[in-house]
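Under the working numbering, the first residue of the sequence shown is numbered 187, with each subsequent residue one higher.
Below: the structure, in structure tokens.
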Amino acid sequence: MMTSCCSPSLRPLGWCRVMNQFELIQLSEDCIRDTLHRYLQSDTAVYLYGSRARGDAAWNSDYDLWVDSELSRQQINQIIEDLDESFVPFQIDLVTTPMLKGVFGERVRAEAKRWM
Numbered sequence: 187m188m189t190s191c192c193s194p195s196l197r198p199l200g201w202c203r204v205m206n207q208f209e210l211i212q213l214s215e216d217c218i219r220d221t222l223h224r225y226l227q228s229d230t231a232v233y234l235y236g237s238r239a240r241g242d243a244a245w246n247s248d249y250d251l252w253v254d255s256e257l258s259r260q261q262i263n264q265i266i267e268d269l270d271e272s273f274v275p276f277q278i279d280l281v282t283t284p285m286l287k288g289v290f291g292e293r294v295r296a297e298a299k300r301w302m
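This is the structure in structure tokens:
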């Protein structure tokens, strides 16, 4: 596992202070982006779809992410494992372009918003 800014070992002193929901979302999104940047080429597009993209998400909704690239199952698993080991409390669902087939693929493409 690679160490990242969202690794527990690198959390700053005072980390245990109470955060509001907005701060937690912002820090979590930064961590998710940092993790993806470690595994993806710099020009790889990542899209948000689902309730967060539609704007009808609860504050604690999952992150549905489409990586516009081909990744091996091992790469996907490593990204998810790194995020699971971070402080990010949200479920992350990650799909790649080859996974976007049929009605599911149409729905993802229709509601996707560029995220990074």
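All C-beta atoms in this analysis are idealised placements derived from N, C-alpha and C, irrespective of residue type, glycine included.
Among the options, which residue has its Cα nearest to the Cα of residue i?
i, options, result
"GLU297", "SER272, PRO275, ASP270, TRP252", "TRP252"
"GLN207", "TRP301, SER247, ILE262", "SER247"
"ASP216", "LEU269, MET285, ASP279", "LEU269"
"HIS312", "GLY288, PHE273, MET285, GLN261", "Outside the shown range of the chain (187 to 302) lies residue 312, about which nothing can therefore be said."
"THR221", "ILE265, GLU271, SER255", "ILE265"
"MET302", "TYR225, VAL232, GLN227", "VAL232"
From residue i to residue j, what does the alpha carbon distance come to, in whole angstroms?
i, j, result
"ARG238", "ASP229", "23 Å"
"GLU292", "LEU213", "31 Å"
"TRP245", "GLY236", "13 Å"
"PHE276", "ALA243", "12 Å"
"VAL281", "MET205", "30 Å"
"PHE290", "LEU210", "30 Å"
"LEU286", "ILE218", "21 Å"
Looking at the secondary structure, which residues open and close the alpha helix (DSSP H) in which residue i lies?
i, result
"LEU234", "Counting along the chain, LEU234 falls outside any alpha helix (DSSP H), though it belongs to the beta strand (DSSP E) covering 232-235."
"THR221", "207-225"
"VAL294", "288-297"
For the beta strand (DSSP E) containing residue i, list its first residue and its last residue.
i, result
"ASP279", "278-282"
"LEU269", "No beta strand (DSSP E) contains LEU269, which is instead part of the alpha helix (DSSP H) from 259-270."
"TRP301", "No beta strand (DSSP E) holds TRP301; DSSP gives it neither H nor E."
"ASP250", "249-253"
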